[in-house]
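Q: With my numbering applied, the sequence shown covers 1495 to 1824.
For each residue, glycine too, the CB sits at the ideal point set by N, CA and C.
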Amino acid sequence: MNKKVFFILALLCAVVQGAWSESVTFRVRSWDDKNKQVVTTTDTKDATVLEGIHKDDWIALYNGYYVVKSNTKYKVLNIMGNDVHLILADGALLECVHVKLEGNHKLYIYSDSEEGTGRLYQKNYQTRSSSTSPGMPSLSDKYIDGEYNDAAGIGSGGGEGNNMGSLYVHGGIVEATNGGMGAAIGGGKDGSIGGEVVIYGGKVTAQSINTNYNGAETRTFSTSQLTGETVIVFFNTWCPDCQRDLPLLNDYYLQHKDDDGFQMVAISRAEGVASVSDFWEANNLQIPYSAQDDRRVYDLFASSIIPRIYFVSPQGIITRIDIEHFDSGK
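1) Under 8 angstroms between the Cβ atoms of Gly-1681 and Asn-1643?
2) Using beta-carbon positions only, say whether Gly-1755 and Ala-1785 come within less than 8 angstroms of one another.
3) Rounded to whole angstroms, what's the CA-CA distance from Asp-1735 to Asp-1816? Just pull it up for me.
4) Can you name the residues that DSSP bridges to Ile-1547?
5) Taking 7 angstroms as the limit between beta carbons, can you name the residues of its chain near Met-1574, skipping five residues before and five after?
6) Is it buried or exposed for Pro-1801, if we count other Cβ within 10 angstroms and need 16 for buried?
7) Based on Cα-Cα distance, which residue from Phe-1520, Asp-1793 and Met-1758 lies nearest to Leu-1779?
8) When the Cα atoms are used, what is the spatial distance from Asp-1635 to Lys-1617?
9) Less than 8 angstroms between the beta carbons of Phe-1728 and Tyr-1662, yes or no?
10) In this structure, does DSSP put Val-1759 in helix, strand or coil?
11) Per DSSP, Thr-1535 is paired with what?
12) What's the gap between the Cα of Asp-1821 and the Cα of Asp-1745?
13) Check the DSSP bridge columns for Val-1698 and list the partner residues they point to.
14) Taking the beta strand (DSSP E) that Leu-1587 belongs to, which residues open and close that run?
15) Taking C-alpha atoms, which residue in Asp-1540, His-1819 and Val-1698 lies nearest to Thr-1671?
16) Which residues in the same chain as Gln-1749 place their Cβ atom closer than 6 angstroms to its Cβ, once the five residues preceding and following it in sequence are excluded?
17) Using 8 angstroms as the threshold, is the C-beta distance between Thr-1542 and Ser-1517 below it?
18) How would you write the range of the beta strand (DSSP E) that Gln-1749 sits in, first residue to last?
19) Can you check which of these residues, Thr-1536, Tyr-1568, Gly-1610 and Val-1806, is closest to Gly-1722 by C-alpha distance?
20) Do you know how far the Cα of Gln-1737 is from the Cα of Asp-1825?
21) Would you mind working out which of Thr-1813, Val-1691, Gly-1823 and His-1819 sits nearest Asp-1526, comparing C-alpha positions?
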């Protein structure tokens, strides 16, 4: 191995190895499919304590348990295992520019109380405003590209074929923003979600910053918005299966749109607003839609086949996926 590379890896490992550990009790959540609800239990593990301000340092997190109990900062959290557990203690703040989570690597995030006020705040963008307080960006900010412009906020870097690993949130507050070309949570510029993103509890906010415009154009999603069933439809109007299913999905939307918390959105795969709006008008569709000129949003979910219909529970869990055919009888 190159001596320089070995030395860098040794430094990264030393940050964790030099830390101390303590016993921590935290909340573990799981989905009870029979009763259609999230179940909470507790567990206790010896966890390595992450602490201190290391704003220029990467830290490699290998398989095991880690806890943050105070204001802590790293440049990059590099998830290096398929069994990495991060516990956010109440009142703690963990800041970073990027959470690198790729391939078969898995990150589990927990809180140490039912309320779960500990925060993971990931910010991969720059702003021209003078504010330095941690928090999600506002519409008044002027954005410029982040330090890792091609990378996701939480997920993969910008390289082709580097897909996001798996993220499981059991509790705490997770706030993520991209740096310009990648997703807030998901793939980098040329990557996608390769594993799973499952939210059992806590509050997750993913905000996409578009730096290609003078001013701010943002799109925000938070699990706090999920109070009922959410349906996400990927389509293209020239697709025969989509042409067949979109009117059926419109009937489903009209049937449920007044249900408490119900949401549905149709997202085009590489089809602009002109042709989508013409199809909507010609077929008298009322489903809210988002016309996307490219495949970036679609590629966060899949690499091929439309229509794709995702049904998401109020807990942020995908409970059903219909591919190529909407099963209106379910």
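A: Here's the rundown:
1) no
2) Cβ atoms of Gly-1755 and Ala-1785: not closer than 8 angstroms.
3) Distance between the alpha carbons of Asp-1735 and Asp-1816: 12 angstroms.
4) Looking at the DSSP assignment, Ile-1547 forms a beta bridge with Lys-1567.
5) Ala-1554, Leu-1555, Tyr-1556 and His-1599
6) buried
7) Met-1758
8) Here the model assigns Asp-1635 a pLDDT of 44, short of 50, so the residue's position is not dependable, and the following value carries that caveat. Going by the C-alpha atoms only, they are around 14 angstroms apart.
9) no
10) strand
11) Val-1522
12) Straight-line spacing of the CA atoms in Asp-1821 and Asp-1745 works out to 12 angstroms.
13) Val-1668
14) 1587–1590
15) Val-1698
16) none
17) no
18) Here Gln-1749 belongs to no beta strand (DSSP E); instead the alpha helix (DSSP H) covers 1734–1750.
19) Checking every option, the nearest Cα to that of Gly-1722 belongs to Val-1806.
20) Missing from the structure shown is residue 1825; the chain here goes from 1495 to 1824 and no further.
21) Thr-1813
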